[in-house]
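Visitor:
There are 2 protein chains.
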Amino acid sequence: ADPRAVAEARAHQDRLTKPKGSLGALEEVAVRLAGAAGVCPPPMPEPAVLAIFAADHGVHARGVTPWPQEVTVQMVANFLAGGGVANAFAAQAGVSVTVVDIGVAADLPDAPALVKRKIGYGTADLSKGPAMTVDQAARAIEAGIEVARDLVAQGARCLITGDMGIANTTASAALVAAFTGADPGEVTGRGTGVDDATYERKVGVVREALRVNGVTRAGSEASDALRVLAAVGGFEHAAIAGYILGGAAARVPVILDGVIAGAAALAAAALDPAAVDHCLAGHRSAEPGHTVALTALGLHPLVDLELRLGEGTGGLLAHPLVCAAVRVMHEVATFDSAGVTEKPV
Amino acid sequence: ADPRAVAEARAHQDRLTKPKGSLGALEEVAVRLAGAAGVCPPPMPEPAVLAIFAADHGVHARGVTPWPQEVTVQMVANFLAGGGVANAFAAQAGVSVTVVDIGVAADLPDAPALVKRKIGYGTADLSKGPAMTVDQAARAIEAGIEVARDLVAQGARCLITGDMGIANTTASAALVAAFTGADPGEVTGRGTGVDDATYERKVGVVREALRVNGVTRAGSEASDALRVLAAVGGFEHAAIAGYILGGAAARVPVILDGVIAGAAALAAAALDPAAVDHCLAGHRSAEPGHTVALTALGLHPLVDLELRLGEGTGGLLAHPLVCAAVRVMHEVATFDSAGVTEKPV
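Residue numbers (my numbering), protein chains in the order written: chain F, 11 to 355; chain Z, 11 to 355.
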């Protein structure tokens, strides 16, 4: 982050016609984005784009979720037809939606909003060995970087992360455990709805995945981060990590959605710690691993409404809040300009 | 609330292409608004209007805030010129802004966005006797009802509460204490920024106000609620209570801002308990009395970002979230219509 822009942003906040600090966490959002962009006020984060990275997971075979795998491809079709919750939230926020096939276990027909970057027909079962080869993970990251680069080239000034992948909270839990050192029991959640027996199995599968792949805790080297991401991640996690890196490289803010994005951001941060400066936590999901990830990333969620849907829905809800925080820096009068008496010190 | 619309809304939520309950608190928002409107899906809460009720307070003389009283009228001018944080947030959310002079201690020039309903040049000092006569309080309520009615007649389909009044968190604390029975020490906060000595004085003033006016705890009769509101409230509290009643009468949702709105909603609820069905808590402010008020009202805040500004800023931030919650009911595909496989029971 640019320390001069940060200092300028803080000083500007204090000149505006409001009590100092009275916008709470939103003041920090504006200051953070000024530091990331290297300019005060930071650019308005509009227009924004949601990229939903869709992929399947070999670990689905272990019964970690009651949802059939084909729901991934069905929901991709639903997004492309405009019928998902993410579509409704995006329409409300004036955000456009791109769906990226990064590894769905089916061939998809062409569609205007679909970007085809399939690395494979779903990952391998992470509880039996590496989910991806290191080469696959690297190619998924590269695809994410390119998606971000292309969207920014087309005019996007804010990137929102989205995901679709039945069983992807299992891979997320494994990634969060690997990158933070937390116990699988602490970071595994009930995803989009599993019963007690399935939950116990899911925790066991995460534990097994870490053991089988020889992952204790990811080291601080990029090569180790890539190995861990390949071993226990998903195609969408790798691609979202790349999308974050691509947004950061373009100095465009990235609003993270829930636990899948949080897990991907941990991988991105391991590859390039400075990338996190460009990230905002859109929301806190109901998944316990998400809170662990956010704490490790040092991010504070903007929305906290017990969502557990994914798709980018939490990131979309946060977008108007981020815009509001930045707009204050552009439009609000100062005590001087408005002739408002300042509080005596 | 209409039980049939509530049941229909819950059933519709469960048919949509998302795991049951996965939109967390936003599902409850949509269900609540269906019940309040008596129709499923509930109407989109657009266009929305923010009404900022501005007034001064005799208790300012007791030194409960470091801000000079003239800041109220200066900020009214700032809102009318479009320079306040509320203006920036409203512009972001596509919400129009109306300022109502319900009791500013100065004469205001005409302006297109200003509604003149002045009841007096500030209230009397609530720590010495009643802040308002019962007649003044009733007229302020009536003004609020009429503002709501007029805005709805002009097309508003969502009303957001706003306030401006230096020292109005002192009256809010007294109202919250009176309507909930909480101790003044529990519900008095630091407002827009007071030091320890001022804070102690402020708590003492609230305690004195309740004692001097013979208010222990407001009874359940409307006449007593009106007496308490007049004794320790402000013109803007009374007007906002009326604005809530007016919105409820028109079956239009009312998004409450912070502690001033929370205190006013307690008065509105005492006058007509069913009015609360039409209210949503936009946010939770940093003021301790606000949390006490929300608990008493049974409302869950949508935004929780440590704002302590007032003006309607917290309500404005919540508006896109409320729209998103309702839009889901109108636009998201069902499992049947989208051909998505439902989770086996």
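Quick reminder that beta carbons are idealized off the backbone N, C-alpha and C, glycines included.
As an exercise, report each continuous alpha helix (DSSP H) stretch of at least 4 residues that is fully enclosed by the region 26-102 of chain Z, in chain order.
Guide: Taking only runs of at least 4 residues, the alpha helix (DSSP H) segments lying wholly in the region 26-102 of chain Z are 35-47 and 81-90.
Visitor: Any C-beta of chain F within less than 8 Å: which residues of the region 324-337 of chain Z qualify?
Guide: 326, 327, 330, 331, 333, 334 and 337
Visitor: Cβ atoms of residue 15(Z) and residue 69(Z): under 8 Å apart, would you say?
Guide: no
Visitor: By the criterion of Cβ-Cβ separation under 8 Å, what are the contact partners of residue 34(Z) in chain F?
Guide: 296, 315, 316, 317 and 318
Visitor: With DSSP run on the structure shown, which of helix, strand or coil describes residue 340(Z)?
Guide: helix
Visitor: Tell me which residues of the region 76-90 of chain Z have at least one Cβ-Cβ distance to chain F shorter than 7 Å, keeping chain order.
Guide: 76, 77, 78, 80, 81, 84, 85 and 88
Visitor: Taking the alpha-carbon of residue 256(F) as reference, which of 226(F), 240(F), 289(F) and 244(F) has the nearest alpha-carbon?
Guide: For residue 256(F), the nearest C-alpha among the options comes from 289(F).
Visitor: What residue ranges within the region 152-180 of chain F form continuous beta strand (DSSP E) runs of no fewer than 3 residues, ordered along the chain?
Guide: 168-174
Visitor: Can the beta-carbon of residue 103(F) be found less than 8 Å from the beta-carbon of residue 293(F)?
Guide: no
Visitor: Where does residue 131(Z) land, buried or exposed, given buried means 16+ other C-beta within 10 angstroms?
Guide: exposed
Visitor: Hey, does residue 376(Z) have any beta-carbon neighbour from chain F nearer than 8 Å?
Guide: No answer is possible for residue 376(Z): it lies beyond the span of chain Z, which begins at 11 and ends at 355.
Visitor: Given a threshold of 16 other Cβ atoms within 10 Å of its Cβ, counted over all protein chains shown, does residue 75(Z) qualify as buried or as exposed?
Guide: Burial check for residue 75(Z): the Cβ neighbour count within 10 Å reaches 16 or more, so the residue is buried.
Visitor: Leaving out the 5 sequence neighbours to the left and right, which residues in its chain are closer than 7 Å to residue 112(F) when beta-carbon positions are compared?
Guide: These residues qualify, in order along the chain: 63, 64, 65, 127, 128, 129, 150, 153, 245, 246 and 249.
Visitor: Which residues does DSSP list as the beta-bridge partners of residue 266(F)?
Guide: 291(F)
Visitor: Specify the secondary structure class of residue 225(F) as computed by DSSP and reduced to three states.
Guide: Here residue 225(F) sits in coil by DSSP.
Visitor: Look at the alpha carbon of residue 1(F) and the alpha carbon of residue 184(Z), and state the distance between them as a whole number of angstroms.
Guide: No answer is possible for residue 1(F): the residues shown for chain F start at 11 and end at 355.
Visitor: Mind listing the chain Z neighbours of residue 101(F)? Cutoff is C-beta to C-beta under 8 Å, in chain order.
Guide: 337 and 341
Visitor: By alpha-carbon positions, which one of 155(Z), 124(Z), 119(Z) and 26(Z) ends up nearest to residue 254(Z)?
Guide: 155(Z)
Visitor: What are the boundary residues of the alpha helix (DSSP H) that includes residue 111(Z)?
Guide: First-last for residue 111(Z): 106-113, but that is the beta strand (DSSP E), not the alpha helix (DSSP H).
Visitor: Inspect the beta-carbon positions of residue 262(F) and residue 168(F) and report whether they are closer than 8 Å.
Guide: yes
Visitor: Answer yes if the region 204-222 of chain Z comes into contact with the region 179-196 of chain Z, meaning at least three C-beta pairs across the two stretches below 8 Å, and no otherwise.
Guide: At 8 Å Cβ cutoff, the stretches touch.
Visitor: Are the Cβ atoms of residue 300(F) and residue 269(F) separated by less than 8 Å?
Guide: yes
Visitor: Using a threshold of 8 Å, state whether the C-beta atoms of residue 337(Z) and residue 98(F) are closer than that.
Guide: yes
Visitor: Quick one, which of 186(F), 265(F) and 279(F) has its alpha-carbon nearest residue 226(F)'s?
Guide: 186(F)
Visitor: On the three-state DSSP scale, how would you describe residue 239(Z)?
Guide: It is helical.
Visitor: I'd like the span of the alpha helix (DSSP H) that includes residue 307(Z), first residue to last.
Guide: 298-307
Visitor: When you compare the CB of residue 30(F) with every CB in chain Z, is at least one pair closer than 8 Å?
Guide: So yes, residue 30(F) belongs to the interface.
Visitor: On the DSSP letters alone, give me the boundaries of the beta strand (DSSP E) that residue 125(F) sits inside.
Guide: 124-126
Visitor: Using only alpha-carbon positions, find the residue among 58(Z), 45(Z) and 291(Z) that is nearest to residue 17(Z).
Guide: 45(Z)
Visitor: For my contact list, residue 281(F) and residue 251(F) are in at a C-beta cut-off of 8 Å; report their separation, rounded to the angstrom.
Guide: 7 Å
Visitor: For residue 190(F) and residue 276(F), which I take to be in contact (beta-carbon distance under 8 Å), what is that distance rounded to the nearest angstrom?
Guide: 7 Å
Visitor: Once you ignore the five residues that flank residue 314(Z) on each side, which residues in its own chain have a CB closer than 7 Å to its CB?
Guide: 293 and 294
Visitor: From which residue to which residue does the alpha helix (DSSP H) around residue 254(F) run?
Guide: 245-259
Visitor: Out of 134(F), 87(F), 72(F) and 117(F), which one is the CA nearest neighbour of residue 123(F)?
Guide: Closest by alpha carbon: 87(F).
Visitor: Just the C-alpha distance for residue 319(F) and residue 29(Z), rounded to the nearest angstrom, thanks.
Guide: Spanning the alpha carbons of residue 319(F) and residue 29(Z) requires a straight line of approximately 7 Å.
Visitor: State the beta-bridge partners of residue 204(Z) as determined by DSSP.
Guide: The partner list for residue 204(Z) (beta bridge, DSSP) is empty, contrary to what the question assumes.
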